[in-house]
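Q: Those protein sequence lines, which keep their order, are chains F and C. The first sequence begins at 58 in the working numbering and counts up one residue at a time. The second sequence begins at 136 in the working numbering and counts up one residue at a time. Please find one structure pasted underneath; my questions will follow.
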Amino acid sequence: MYSTESRRLFADYLYCQKDYLRAIDEYQEIAGTAGSDTINFKIGLAYLKIGKYEPAGLSFIKIKENSYYYSNARLEFFKTQFLLSNYDTLERNGDNLLPVKQLNVFSYLLDYKTLPVKNKLLSIFEGEDRRAVSDFYERKLNPPYKSELTAIILSTLIPGAGKIYTEEYSDGIIAFIVTGIMGYISYTDFKADHKLRGWVFAGLSTFFYAGNIYGSAASAQIFNAKVNFKLSTDMKLFIENKDYFIPDYEFCK
Amino acid sequence: MIKLFVLICLGMQVLFAQTDWEKWGKADIPYTINSGTVSRNYSIGSDNPGQIILKSLVIGYWVIISDVDGDNCPFSPTCSSFFLQSVKETNIVQGTLMFADRFTRDMNTFGRLSHYPISRNRHLYDPPTLYTLDKDKIKYIPAGVIVNE
Chain F
58 MYSTESRRLF
68 ADYLYCQKDY
78 LRAIDEYQEI
88 AGTAGSDTIN
98 FKIGLAYLKI
108 GKYEPAGLSF
118 IKIKENSYYY
128 SNARLEFFKT
138 QFLLSNYDTL
148 ERNGDNLLPV
158 KQLNVFSYLL
168 DYKTLPVKNK
178 LLSIFEGEDR
188 RAVSDFYERK
198 LNPPYKSELT
208 AIILSTLIPG
218 AGKIYTEEYS
228 DGIIAFIVTG
238 IMGYISYTDF
248 KADHKLRGWV
258 FAGLSTFFYA
268 GNIYGSAASA
278 QIFNAKVNFK
288 LSTDMKLFIE
298 NKDYFIPDYE
308 FCK
Chain C
136 MIKLFVLICL
146 GMQVLFAQTD
156 WEKWGKADIP
166 YTINSGTVSR
176 NYSIGSDNPG
186 QIILKSLVIG
196 YWVIISDVDG
206 DNCPFSPTCS
216 SFFLQSVKET
226 NIVQGTLMFA
236 DRFTRDMNTF
246 GRLSHYPISR
256 NRHLYDPPTL
266 YTLDKDKIKY
276 IPAGVIVNE
């Protein structure tokens, strides 16, 4: 019952049932036996599936050069490095593997490194992928950022305009109304010779006016952070849908 | 009808079943009950005269108005806590400007849910770190995402 073969079959069953943690436990029990490269490869895949990239990478690196799974393990190793954001490892891609080169392109697009020339980056992609990567490149090169200075100037001229510029429309309108109402009340109070109330509302109007100018600059920064976030999310989703340019394995038929 | 009910129950179980990691992974079990409400620090906790005056004013507001009024601020941290944290994070002038901006946003009741992430206590998560004008401190979280803070 506890023979190596039975345990391997049981571990394979657990793996195919997506019970990866228990599959890893079973595989590790027989990892030192014959066929251990295949077992290490499956341990690595199981760790990858549950998002444990570091142990996954360590399992893939154990696989020997003469193994059937060696080239696949190299690809999977680089995938783990990509997921761990160890982009320098991709740069040192000694095996010159195409999927790794493609992942390296995304490391440039995701990281804040200097972008190489577009044609050089796109040369390793074809068809739809080339178009998508070209689009990401353009978005990275010319992000639709909002200028903080413009937001400040606009809000100084018209309260709330800076927020509208950063696409916070309702915040902008509310800021305009609040500052306007406070200013108007202050004006009518001064006109009616209610000096104290006039000063109180003038103070409140200034408070909201200044706060809105400051908030417009902050809003522009948040807008830009949102642009960066959206680009990196779109790219990560694209790579995930492409399965990191790595061929799929069908262990569970 | 009963069959449909059973099917829905089973379907819900399948949809919301635990992942293997949750099922078999180690978990540190907290034995305290988390009420999910915001706990307030009523101590002055500073030697800085400015901080002492500011905190005293805010504690006064908490005791006389806020605690009596109830948990009504839609944001987390609340506007008064946001003010204190902003001043601590920056300085009195910048903190006041941050508070003025927050106060204006607090008056805007339109489209809040499509704008802010949600905190653990089901309030709109809006930390002062987003507004210090320090780009490195901005950690963008999409609207509607539940933040465990």
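A virtual CB, placed ideally from N, CA and C, is assigned to each residue, including glycine.
Per DSSP, what kind of secondary structure is F:I230 in: helix, strand or coil?
A: Here residue 230 of chain F refers to the residue found at position 173 when the first sequence is read from its first residue. F:I230: helix per DSSP, three-state reduction.
Q: Could you have a look at C:L259 and say whether DSSP puts it in helix, strand or coil?
A: Stepping through the second sequence from its first residue, residue 259 of chain C is reached at position 124. In this structure, C:L259 counts as strand in the three-state DSSP scheme.
Q: Cβ closer than 9 Å: which chain C residues qualify as neighbours of F:K203?
A: In the first sequence, the residue the question calls residue 203 of chain F occupies position 146. Here the premise fails: no neighbours, minimum Cβ distance about 13 Å.
Q: Consult DSSP for F:V174 and reduce its assignment to one of helix, strand or coil.
A: Numbered from its first residue, the first sequence carries residue 174 of chain F at position 117. Three-state result, F:V174: coil.
Q: Measuring only between beta-carbons, confirm whether C:Y196 sits less than 8 Å from chain F.
A: The count along the second sequence starts at 1 and reaches residue 196 of chain C at position 61. Not an interface residue.
Q: From the DSSP output, read off the bridge partner residues of C:S254.
A: Translated into the one-based positions of the second sequence, residue 254 of chain C becomes position 119. C:V282, per the DSSP bridge assignment.
Q: Is it the case that the CB of C:G146 approaches a heavy atom of the ligand PLP more closely than 7 Å?
A: In terms of ligand content, the structure shown is empty, and the ligand PLP therefore cannot be addressed.
Q: Between C:G205 and C:E284, what straight-line distance do the alpha-carbon atoms span, to the nearest angstrom?
A: To locate residue 205 of chain C, count along the second sequence from 1; it is residue 70. To locate residue 284 of chain C, count along the second sequence from 1; it is residue 149. C-alpha separation (whole angstroms): 21 Å.
Q: Is the beta carbon of F:T223 less than 8 Å from the beta carbon of F:Y266?
A: Sequence index remark: in the first sequence, residue 223 of chain F carries index 166 (1-based). Sequence index remark: in the first sequence, residue 266 of chain F carries index 209 (1-based). No, the Cβ-Cβ distance between F:T223 and F:Y266 is not below 8 Å.
Q: Counting only beta-carbon atoms, is C:A235 nearer than 8 Å to chain F?
A: Translated into the one-based positions of the second sequence, residue 235 of chain C becomes position 100. Closer than 8 Å: yes.
Q: Identify, in the order they occur along the chain, each residue of the same chain with its Cβ nearer than 7 Å to the Cβ of F:R65, setting aside the five sequence neighbours on each side.
A: Your numbering for residue 65 of chain F matches position 8 in the first sequence. Only I87 meet the Cβ criterion.
Q: Answer yes or no: do C:P209 and C:L259 have a C-beta to C-beta separation smaller than 8 Å?
A: Locating residue 209 of chain C in the second sequence gives position 74, where the first residue counts as 1. Locating residue 259 of chain C in the second sequence gives position 124, where the first residue counts as 1. Against a cut-off of 8 Å, the Cβ pair of C:L259 and C:P209 comes out as a contact.
Q: Roughly how many angstroms separate the alpha carbons of F:K293 and C:S178, rounded to a whole number?
A: Counting from 1 along the first sequence, the entry for residue 293 of chain F is found at position 236. Counting from 1 along the second sequence, the entry for residue 178 of chain C is found at position 43. Near 46 Å, if we compare the C-alpha coordinates of C:S178 and F:K293.
Q: Do F:A80 and F:A103 have their C-beta atoms closer together than 8 Å?
A: Taking the first residue of the first sequence as position 1, residue 80 of chain F is located at position 23. Taking the first residue of the first sequence as position 1, residue 103 of chain F is located at position 46. Yes, the pair counts as a contact, with Cβ atoms nearer than the cut-off.
Q: Can you round the beta-carbon distance between F:T213 and F:I303 to whole angstroms, since I take them to be within the 8 Å contact cut?
A: The count along the first sequence starts at 1 and reaches residue 213 of chain F at position 156. The count along the first sequence starts at 1 and reaches residue 303 of chain F at position 246. Not really, about 53 Å apart at Cβ, beyond 8 Å.
Q: Mind listing which residues of the stretch 261-294 of chain F have their C-beta closer than 7 Å to chain C's C-betas, in chain order?
A: Result list: F264, F265, A267, G268, N269, Y271, G272, A274, A275, Q278, I279, A282, K283, F286.
Q: Would you call C:I281 buried or exposed, if buried means 16 or more other Cβ atoms sit within 10 Å of its Cβ?
A: Indexing the second sequence from 1 puts residue 281 of chain C at position 146. Result: exposed.
Q: So, F:G272 versus C:D236, is the Cβ gap smaller than 8 Å?
A: The count along the first sequence starts at 1 and reaches residue 272 of chain F at position 215. The count along the second sequence starts at 1 and reaches residue 236 of chain C at position 101. Result yes, Cβ atoms of F:G272 and C:D236 sit closer than 8 Å.
Q: Tell me the rounded alpha-carbon separation between F:N129 and F:N123.
A: Sequence index remark: in the first sequence, residue 129 of chain F carries index 72 (1-based). Sequence index remark: in the first sequence, residue 123 of chain F carries index 66 (1-based). Their Cα atoms are separated by approximately 12 Å.
Q: Please confirm whether C:L139 has its beta-carbon closer than 8 Å to some beta-carbon of chain F.
A: By 1-based counting over the second sequence, the position of residue 139 of chain C is 4. Answer no: the Cβ-Cβ gap between C:L139 and chain F never drops below 8 Å.
Q: Give every residue of the same chain whose Cβ lies closer than 6 Å to the Cβ of F:L105, excluding the five residues on either side of it in the sequence, and list them in chain order.
A: Mapped onto the first sequence, residue 105 of chain F falls at position 48. Within the same chain, F:L105 has close Cβ partners A113.
Q: Keeping to the same chain, check which residues put their C-beta closer than 6 Å to that of F:F193; ignore five residues upstream and five downstream.
A: Counting from one through the first sequence, the residue named residue 193 of chain F turns up at place 136. Excluding positions up to five away in sequence, the list reads L166, M292.
Q: Counting only runs of 4+ residues fully inside the stretch 133-221 of chain F, write out the alpha helix (DSSP H) ranges in chain order.
A: Segments of the alpha helix (DSSP H) lying fully in the stretch 133-221 of chain F: 144-148, 155-167, 175-179, 184-198, 205-214.
Q: Would you call the CB atoms of F:F139 and F:L115 closer than 8 Å?
A: Counted from its first residue, the first sequence places residue 139 of chain F at position 82. Counted from its first residue, the first sequence places residue 115 of chain F at position 58. No, the pair does not count as a contact, with Cβ atoms beyond the cut-off.
Q: For C:T239 versus F:A232, is the C-beta spacing smaller than 8 Å?
A: Position 104 of the second sequence, counted from the start, is the residue given in the question as residue 239 of chain C. Position 175 of the first sequence, counted from the start, is the residue given in the question as residue 232 of chain F. Yes, the pair counts as a contact, with Cβ atoms nearer than the cut-off.
Q: At least one CB of chain C closer than 8 Å to the CB of F:I107: is that the case?
A: As a position in the first sequence, residue 107 of chain F is number 50, starting the count at 1. It does: the Cβ of F:I107 has a partner Cβ on chain C nearer than 8 Å.
Q: So what's C:S201 in DSSP terms, helix, strand or just coil?
A: Counting from 1 along the second sequence, the entry for residue 201 of chain C is found at position 66. Here C:S201 sits in helix by DSSP.
Q: Note down the Cα distance separating C:F234 from F:G217, rounded to an integer number of angstroms.
A: Residue mapping note: residue 234 of chain C aligns to position 99 of the second sequence, counting from 1. Residue mapping note: residue 217 of chain F aligns to position 160 of the first sequence, counting from 1. C:F234 and F:G217: Cα-Cα distance of roughly 16 Å.
Q: Tell me C:F210's beta-bridge partners as DSSP assigns them.
A: As a first step, residue 210 of chain C must be located in the second sequence, where it is residue number 75. Answer is C:L259.
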